[in-house]
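Report on the structure given below.
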Amino acid sequence: MADILQTEQGRQIAYHKTEGQGPCVVFLGGLKSDMEGTKAIHLEAWCKAQGRAFLRFDYSGHGESSGTFEEGCIGDWHEDSVAAVNAVIEGPYVLVGSSMGGWQSLLLARAQPERLVGLVTIAAAPDFTEDSYWAGFDDAQKEALETVGQVALPSDYMEPYIITKRMIEDGRENLVLRSPLAFDCPVRFLQGTEDTAVSTETAIRLLEHAEGDDMRLLLVKGADHRFSDERCLGLIEDAVTDVLGAA
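Sequential numbering of the sequence shown, starting at 698, is according to this note's numbering.
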């Protein structure tokens, strides 16, 4: 049974915290994903076996948390992430962000650089509302955003995504590839070459844009967006171990 956190914005955020030594490893999931996903559960078990603190949670409109997906946007989910790490854990943390959670981890790292001791992203999708959604919309879709307030986009993994005008406009307020993005801690970006949702070009753009003395991108030939088979899960463990060891 998940614990529930009430945020200042009135949202109820469901979470699971594993007690242990720090820094706490915090998993940030992807768009329309939840904290019961393969990577989150695997990392929890791995941290528990090591006696390490771990946190996984659902953004509002996801999983067991309050609200609907269509109500949410990048800024809301950033508020949820800040609320979770502020209320549930103390001291430093390592962020592990998957897909949209990669964008969220970059926002959280920018908001709380003093707490961040390591960052691992998995198929990070920074600025996707602008560079993927908006850039890919045709005139009819852009008109529908204005008139209807939303459009439906097909997904390779589940039912269509409902993309709202608010999500697009809010995304523009939270872009991370248009302004300085500097890290004083070890950073590892993981990316599969067969990912059809996030391109290797996106991963390389993030690597080239971000600044830091200890930053690496690992391209995994054949891995897809899920990045959750046994080999990929092992690579995630290696990356977290790496940044913890360098912290």
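Just so you know, even glycine gets a beta-carbon here, dropped at the ideal spot from N, CA and C.
Query, Result
"Nearest neighbour of Glu708, chosen from Phe766, Gly942, Trp743 [CA to CA]", "Residue 708 is actually Arg in this sequence, not Glu. Of Phe766, Gly942, Trp743, the residue nearest in Cα terms is Phe766."
"Option nearest Ala780 by Cα separation, candidates Leu941, Arg863, Leu725", "Leu725"
"Classification of Asp892 by the beta-carbon crowding that lies within 10 angstroms, buried from 16 upward", "buried"
"Selection from Trp774, Ala742, Ile933 that minimises the alpha carbon distance to Lys729", "Trp774"
"Residue closest to Lys918, alpha-carbon to alpha-carbon, out of Tyr830, Asp911, Arg928", "Arg928"
"Alpha carbon of Leu804 to alpha carbon of Tyr712, nearest angstrom", "20 Å"
"Reference Asp867, options Thr897, Glu908, Ile771, closest by Cα", "Ile771"
"Whole runs of the alpha helix (DSSP H) within the segment 769–856, excluding any shorter than 4 residues", "771–785, 797–808, 836–844"
"Inter-residue spacing [alpha-carbon to alpha-carbon] between Ala881 and Gly734", "Looking at the sequence shown, residue 881 is not Ala but Asp. Whole-angstrom Cα-Cα distance: 30 Å."
"Beta-carbon gap between Gly815 and Leu930 smaller than 9 Å", "no"
"Own chain residues within Cβ distance below 6 Å of Leu740, not counting five before or after", "Phe724"
"Coil, strand or helix - Ala750 by DSSP", "strand"
"Gln888 - partner residues in DSSP beta bridges", "Leu916"
"Exposed unless 16 or more other CB atoms sit within 10 angstroms - verdict on Asp824", "buried"
"Three-state secondary structure assigned by DSSP to Glu905", "helix"
"Neighbourhood of Ile859 by C-beta, 6 Å cutoff - its chain only, sequence neighbours within 5 removed", "Glu767, Gln847, Ala849"
"Alpha-carbon to alpha-carbon, Pro857 and Pro851", "4 Å"
"Check whether Ala822 and Ser829 have beta carbons under 9 Å apart", "yes"
"According to DSSP, residues forming a beta bridge with Thr861", "Gln847"
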